[in-house]
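So the protein lines, in turn, are chains A and B. Using this note's numbering, the letters of the first sequence map in sequence onto residues 2 to 199. Using this note's numbering, the letters of the second sequence map in sequence onto residues 555 to 659.
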Amino acid sequence: MSKYEIPDEIPAFGHYLEKINNQDCNFEYCEVMHAPFPIKILRWNMTDFGHVNWVHRRCYHHCKVLVHTGRVTLLEYGVNQFFFLKLPIWFNTVMYHEIKTPNYIRHLSSSPLGGYTYTEMKMEEYIKNNKVWTRIDHIYKMRASKFIHPFLRWFIRRWTDVLWKEDYAMLERRNKVLNLGFKDHPEDTVVRAHDGFG
Amino acid sequence: MKIILSVNELKKIKKYCEWFGDQEVLLLYTEEGVRAYSGMCPHQGGPLGEGYFNGKSILCPWHGCGFNAINGKCISYGACLNLSGEMILTPFPFIVKNGDIYVEI
Numbered sequence: 002m003s004k005y006e007i008p009d010e011i012p013a014f015g016h017y018l019e020k021i022n023n024q025d026c027n028f029e030y031c032e033v034m035h036a037p038f039p040i041k042i043l044r045w046n047m048t049d050f051g052h053v054n055w056v057h058r059r060c061y062h063h064c065k066v067l068v069h070t071g072r073v074t075l076l077e078y079g080v081n082q083f084f085f086l087k088l089p090i091w092f093n094t095v096m097y098h099e100i101k102t103p104n105y106i107r108h109l110s111s112s113p114l115g116g117y118t119y120t121e122m123k124m125e126e127y128i129k130n131n132k133v134w135t136r137i138d139h140i141y142k143m144r145a146s147k148f149i150h151p152f153l154r155w156f157i158r159r160w161t162d163v164l165w166k167e168d169y170a171m172l173e174r175r176n177k178v179l180n181l182g183f184k185d186h187p188e189d190t191v192v193r194a195h196d197g198f199g
Numbered sequence: 555m556k557i558i559l560s561v562n563e564l565k566k567i568k569k570y571c572e573w574f575g576d577q578e579v580l581l582l583y584t585e586e587g588v589r590a591y592s593g594m595c596p597h598q599g600g601p602l603g604e605g606y607f608n609g610k611s612i613l614c615p616w617h618g619c620g621f622n623a624i625n626g627k628c629i630s631y632g633a634c635l636n637l638s639g640e641m642i643l644t645p646f647p648f649i650v651k652n653g654d655i656y657v658e659i
């Protein structure tokens with residue numbers, strides 16, 4: 002079974018984020034997106050960390066898998082916080098990424114200024130004009146001073162816009178090539194430690 | 555056999571990529587002449603036609619897999635992890651006749 006094929010039955014591990022109290026969050030923002038692709042294409046994109054280094058260079062300096070086990074991945078991201086000013090300044094953050102169910106991915110990222118950002122992605126397939134579409138609810142939660150809430154909303158909107166445009170072209174092509182019968186190059190069955198990307 | 559474009563045009567633009575039905579043809583003007591490959595990266599189907607090409611090698615813009623443009627062999631894995639065996643670009647048979655490139659699709 003490929004790593005992109007996730008069975009409906011989820012083993013009883015990987016629910017660690019429930020132990021983290023996010024009730025202290027005083028900021029919540031939800032971005033809803035609709036994509037003309039099945040969930041498996043979106044999930045492939047959300048669990049493919051390698052492409053971040055190449056496709057999302059505007060928002061990320063790098064993405065490194067530190068530890069990967071089952072549905073849980075610990076990542077180090079170099080985040081271009083000032084992407085909207087096109088300044089080459091980036092900060093290291095650590096992200097705990099978890100696939101809770103095949104339709105629900107969530108992560109917890111440290112912020113360079115302290116605190117955490119709790120993110121949830123809920124996906125739901127539906128049929129529109131005889132085509133499979135997916136609705137994605139991207140929910141951001143964090144604790145921050147009320148004075149900067151309007152800025153955070155603006156920042157997340159811009160951030161999502163940039164990433165979504167870059168990902169959309171990728172998703173569209175991935176969907177097309179798979180529908181044409183393209184088969185991925187096989188993966189090695191030996192799991193190795195990740196030592197960064199070349 | 556389908557005519558794609560002339561060698562002189564390819565020499566100017568260095569790389570050319572186009573879909574013909576289900577097939578995506580990538581033409582490269584390398585240091586050793588014309589080469590025709592599938593435009594889908596063998597890793598996950600990335601758009602090689604949008605990748606960086608320097609006359610010797612081409613990089614896939616999705617994960618940074620690098621391929622030797624002359625023989626199609628993978629020369630760097632970029633951000634691809636845990637791949638088994640050797641990756642190689644899928645070549646398309648082609649001929650150059652009267653300065654035009656004909657590819658068998």
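All residues carry an ideal CB built from backbone N, CA and C; glycine is no exception.
Return the chain-ordered list of same chain residues with a C-beta closer than 7 Å to the C-beta of residue i, the five sequence neighbours on each side being excluded.
i                     : result
residue 159 (chain A) : 85
residue 567 (chain B) : none
residue 64 (chain A)  : 50, 53, 54, 76 and 78
residue 631 (chain B) : 619 and 637
Could you pull out every residue in the same chain whose Cβ sits closer than 8 Å to the Cβ of residue i, ignoring the five residues on either side in sequence?
i                     : result
residue 120 (chain A) : 107, 108, 109, 110, 139, 140, 141 and 142
residue 172 (chain A) : 36, 38, 42, 43 and 46
residue 164 (chain A) : 57 and 60
residue 179 (chain A) : 42
residue 132 (chain A) : 37
residue 584 (chain B) : 609, 610, 623 and 624
Establish whether the CB of residue i and some CB of chain B are separated by less than 8 Å.
i                     : result
residue 186 (chain A) : yes
Let me see if you follow: with CB-CB separation under 8 Å, is residue i close to chain D or not?
i                     : result
residue 626 (chain B) : Going by chain labels, chain D is absent from the structure shown, which instead holds the protein chains A and B.
Who are the near neighbours of residue i in its chain, counting only those whose CB is closer than 6 Å to its CB and skipping five residues on each side?
i                     : result
residue 125 (chain A) : 136
residue 29 (chain A)  : 142
residue 557 (chain B) : 654 and 656
Determine the chain B residues that contact residue i at a beta-carbon separation under 8 Å, and present them in chain order.
i                     : result
residue 189 (chain A) : 636, 637 and 638
So which residues on chain A does residue i lean against when the C-beta distance must stay under 8 Å?
i                     : result
residue 641 (chain B) : 186
Say whether chain A places a C-beta atom closer than 8 Å to the C-beta of residue i.
i                     : result
residue 596 (chain B) : yes
residue 654 (chain B) : no
**Message:** What ranges does the beta strand (DSSP E) occupy inside the segment 569-640 of chain B, keeping only unbroken runs of at least 3 residues that lie completely in it?
**Reply:** 569-574, 577-584, 587-592, 611-613, 620-622 and 628-630
**Prompt:** Quick one, which residues of the segment 47-68 of chain A are near chain B if we go by CB-CB under 7 Å, in chain order?
**Reply:** 51, 52, 54, 55 and 56
**Request:** Identify each residue in the segment 172-183 of chain A for which the Cβ-Cβ distance to at least one residue of chain B is less than 9 Å, and report them in chain order.
**Result:** Only those residues of the segment 172-183 of chain A whose C-beta falls short of 9 Å from the nearest C-beta of chain B are listed: 174, 175, 177, 178, 179, 181, 182 and 183.
**Asked** When Cβ atoms are compared, which residues of the segment 599-628 of chain B fall closer than 7 Å to chain A?
**Response** Cβ contacts with chain A come from 599, 601, 615, 616, 617 and 618.
**Prompt:** Of all the beta strand (DSSP E) runs that stay within the bounds of the segment 107-149 of chain A, which reach a length of 3 or more residues?
**Reply:** Counting only runs of 3 or more, we get 117-129 and 132-143.
**Prompt:** Where are the alpha helix (DSSP H) runs, 4 residues long or more, that stay fully inside the segment 50-117 of chain A, in chain order?
**Reply:** Residue ranges of uninterrupted alpha helix (DSSP H) with 4 or more members, entirely inside the segment 50-117 of chain A and ordered along the chain, are 53-56.
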